[in-house]
Amino acid sequence: MQLSRSARIALRVAAGFGFVVIYGPLLLVLVNSLNPDRSASWPPSGLTLHWWSVAWDNSGARQALWTSVKAGLGATAIALALGTLIAFAVARHRFFGRDAISFVVVLPIALPGIVTGIALNSAFSTVLEPLGVGLGLFTVVVGHATFCIVVVFNNVVARLRRTSGSYEEAAMDLGANTFRAFADVTFPLVRSALFAGGLLAFALSFDEIVVTTFTAGPGVETLPIWIFNNMTRPQQAPVVNVVAAVLVLLSVIPIYVAQRLSADTATGSRV
Amino acid sequence: MALITRTAGALHRRPRLRLTLLLTAPLLWLAALYLGSLSVLFVSAFWTTNSFTSEVVKVWSTDNFHELFTVPVFRQVILRSVGVALAVTALCAVIAFPLAFYTARIAKRKWRPLLVVAILTPLWASYLVKVYAWRLILSEGGLADWMLKPFGTGGPGYGLTAAVLTLTYLWLPYMILPIHTALEQLPANLLDASADLGAKGWRTFRSVVLPMVLPSVAAGSVFTFSLSLGDYITVQIVGGKTQLIGNLVYSNIELNLPMAAALGTVPVVVIVLYLLAMRRTGALSSL
Chain A
1 MQLSRSARIA LRVAAGFGFV VIYGPLLLVL VNSLNPDRSA SWPPSGLTLH
51 WWSVAWDNSG ARQALWTSVK AGLGATAIAL ALGTLIAFAV ARHRFFGRDA
101 ISFVVVLPIA LPGIVTGIAL NSAFSTVLEP LGVGLGLFTV VVGHATFCIV
151 VVFNNVVARL RRTSGSYEEA AMDLGANTFR AFADVTFPLV RSALFAGGLL
201 AFALSFDEIV VTTFTAGPGV ETLPIWIFNN MTRPQQAPVV NVVAAVLVLL
251 SVIPIYVAQR LSADTATGSR V
Chain B
1 MALITRTAGA LHRRPRLRLT LLLTAPLLWL AALYLGSLSV LFVSAFWTTN
51 SFTSEVVKVW STDNFHELFT VPVFRQVILR SVGVALAVTA LCAVIAFPLA
101 FYTARIAKRK WRPLLVVAIL TPLWASYLVK VYAWRLILSE GGLADWMLKP
151 FGTGGPGYGL TAAVLTLTYL WLPYMILPIH TALEQLPANL LDASADLGAK
201 GWRTFRSVVL PMVLPSVAAG SVFTFSLSLG DYITVQIVGG KTQLIGNLVY
251 SNIELNLPMA AALGTVPVVV IVLYLLAMRR TGALSSL
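Rendered as structure tokens:
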């Protein structure tokens, strides 16, 4: 497309502005974690690593991190199992209600988190609590898994659509039974999509705050809940700064790995 | 061994059985657990609470919905929430379009994938950290105040503007990506044809590029709109005294769950209406 010189320059400037908008705030978080003051006033009066060592020794933040990891691993495991099952059903079978299933999978993430949150909260407290299962880490895992299914499903279904079933048929013609064909042919084909989907599911669970608020029992604090609870406490500000900075640095990992693993996840989109 | 072979054979011969085995667990989870609790929630929107004890009274009535439309505060908050969601969507589109145009068509071809990754990475930075970043920027004496001081004003502080800015920042990638993809897939020969027919850049943009990219803008807007409409955490952190529909739901949960449920139906209904409207643009097939 032929663009005038001035249009090109204008677009470059606008794009540059866009990148500043995207990265500026994240850089600010990094710089602020080195700020010796407790306040967020700009510019910082100096730079120090002191708060990083203080944060390292903060037991509340550590415990919250550990809780988040456990919740994320549990939710990812369930989402991997359920998401893969649905993906195989939708991609390899034709049946009544197939479109409805794709819709229901997306629903937990399409509806506002607060709606999903209170729905699960009232279901848990009316059904599970009489059975003696109170809100706790278990209910967090169940809540997270519900909206993590969609990312696994999307990754695996995209892969299955690109690889036709004829490979499996060929394996079976050569004498492999259903299980053998799955283990030797299908699974290696979808393995990287599973890994990418699992990684994104973990990242999604790790970041979730709203559903967690409504499904966590007292005493169960994930990292986002910890940050939220401590954000407005001036005493804790330096530690929150460091935790936030660490999360900015860590966020590069899942998208990088997912990108390398599977072209299907190139959009990184939640849906 | 024989058992495994026999099971494999049985599964192979009966696709229905295979399908049933595949779907039982996930459907139990999604239909029973998720859809079940959702429907109970929406049914409870028709219940009421005893105003003295806050206990839920399970008698069918439409009082909550009646209140929703007649109490001025509710009406204001609903309108404000829709306004915020639309403003965020418009801001996202305005910032995203030039950026996507640059990454998809102007930047050197070998740089394009890298630029897309550069846009994607912040998408996976923590939601809360991104809101926190804006809390820092907009704090008293913070970056916004410092930058605007030479112009004789300060930053907007915490409030409605802060909420709109922060939500725009949060959902921006959801708008950039679909537009980038659409622009990248735009066939070059269409643009050549337009140029051959004598159209200059602006005319080509208006008559060829824009109509082909609009469905993707609409697709992106589904995310920016619905995510903004349901948010209440951002508003709590940077919104000052601002109330949006999510905050109303949140503040009603403890004392009046049926009212919270009724309020919760509002974003759901609005989002469904928005989806239906967007479907006419062909947006949903490019999601």
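Those protein sequence lines, which keep their order, are chains A and B. Using my numbering, read the first sequence as starting at 1 and increasing by one per residue. Using my numbering, read the second sequence as starting at 1 and increasing by one per residue. All C-beta atoms, glycine included, are put in the ideal place defined by N, C-alpha and C.
Query, Result
"Can you list, in chain order, the residues of its chain whose CB lies under 6 Å from that of residue 145 (chain A), leaving out five sequence neighbours each side?", "75, 78 and 79"
"Between the C-alpha atoms of residue 281 (chain B) and residue 213 (chain B), what's the straight-line distance to the nearest angstrom?", "11 Å"
"Checking 8 Å against the spacing of the C-beta atoms, do residue 68 (chain A) and residue 241 (chain A) come in under that value?", "no"
"Does the beta carbon of residue 80 (chain B) fall short of 7 Å from some heavy atom of the ligand NAP?", "Although the ligand NAP was asked about, the structure shown includes no ligands whatsoever."
"Quick check on residue 184 (chain A) - is its C-beta less than 8 Å from some C-beta in chain B?", "no"
"Along the segment 111–122 of chain B, what residues have a CB closer than 8 Å to any CB found in chain A?", "116, 117, 118, 119, 120, 121 and 122"
"CA-CA distance, residue 105 (chain A) and residue 149 (chain A)?", "7 Å"
"Give the secondary structure of residue 56 (chain B) by DSSP, where H, G and I count as helix, E and B as strand, and everything else as coil.", "strand"
"Taking the alpha helix (DSSP H) that residue 70 (chain A) belongs to, which residues open and close that run?", "59–92"
"Spell out whether any CB of chain B is found under 8 Å from the CB atom of residue 269 (chain A).", "Only weak support is given to the placement of residue 269 (chain A): the predicted model assigns it a pLDDT of 42, under 50, and the question is left unresolved by the model."
"Assess, as a yes-or-no matter, whether the segment 89–107 of chain A is touched by the segment 224–244 of chain A under the definition of 3 or more beta carbon pairs within less than 8 Å.", "no"
"Between the segment 176–193 of chain B and chain A, which residues of the former have a C-beta closer than 7 Å to a C-beta of the latter?", "177 and 191"
"Once DSSP output is grouped into helix, strand and coil, what is the label at residue 48 (chain A)?", "coil"
"Spatial neighbours of residue 156 (chain A) within its chain, please: C-beta separation below 7 Å, excluding the five flanking residues on both sides.", "83, 84, 87, 190, 193, 194 and 197"
"Between the segment 34–42 of chain A and the segment 138–147 of chain B, are three or more C-beta pairs nearer than 8 Å?", "yes"
"Among all the DSSP beta bridges, which residues are the ones paired with residue 281 (chain B)?", "None; residue 281 (chain B) has no bridge partner."
"Given that residue 36 (chain B) touches chain A, what residues does it touch there, using C-beta distances under 8 Å?", "123"
"If I measure Cβ to Cβ from residue 235 (chain B) and keep anything under 8 Å in the same chain, skipping five residues before and after, which residues do I get?", "163, 242, 243, 244, 246 and 247"
"Could you tell me which whole alpha helix (DSSP H) segments of length 4 or greater appear in the segment 220–268 of chain B?", "233–238 and 245–252"
"Please state the DSSP three-state secondary structure of residue 146 (chain A).", "helix"
"Could you check if residue 10 (chain B) is buried or exposed, using at least 16 other CB atoms within 10 Å of its CB as the buried criterion?", "exposed"
"In chain order, what residues of the segment 219–232 of chain A put their CB closer than 7 Å to some CB of chain B?", "224, 227, 228 and 231"
"DSSP three-state label for residue 62 (chain B), please.", "coil"
"With distances taken from CA atoms, which of B:13, B:125 and B:189 is nearest residue 169 (chain B)?", "B:125"
"Under 6 Å Cβ to Cβ from residue 266 (chain A), same chain only, skipping five residues before and after it: list those, please.", "Confidence is the limiting factor: at residue 266 (chain A) the pLDDT is only 42, short of 50, which leaves the residue's position unreliable and the question unanswerable from this model."
"Return the Cβ separation of residue 233 (chain B) and residue 131 (chain B) in integer angstroms, given the expectation that the two are a contact with Cβ distance under 8 Å.", "7 Å"
"How about the segment 90–98 of chain A and the segment 153–167 of chain A: do they share at least three Cβ pairs that are nearer than 8 Å?", "yes"
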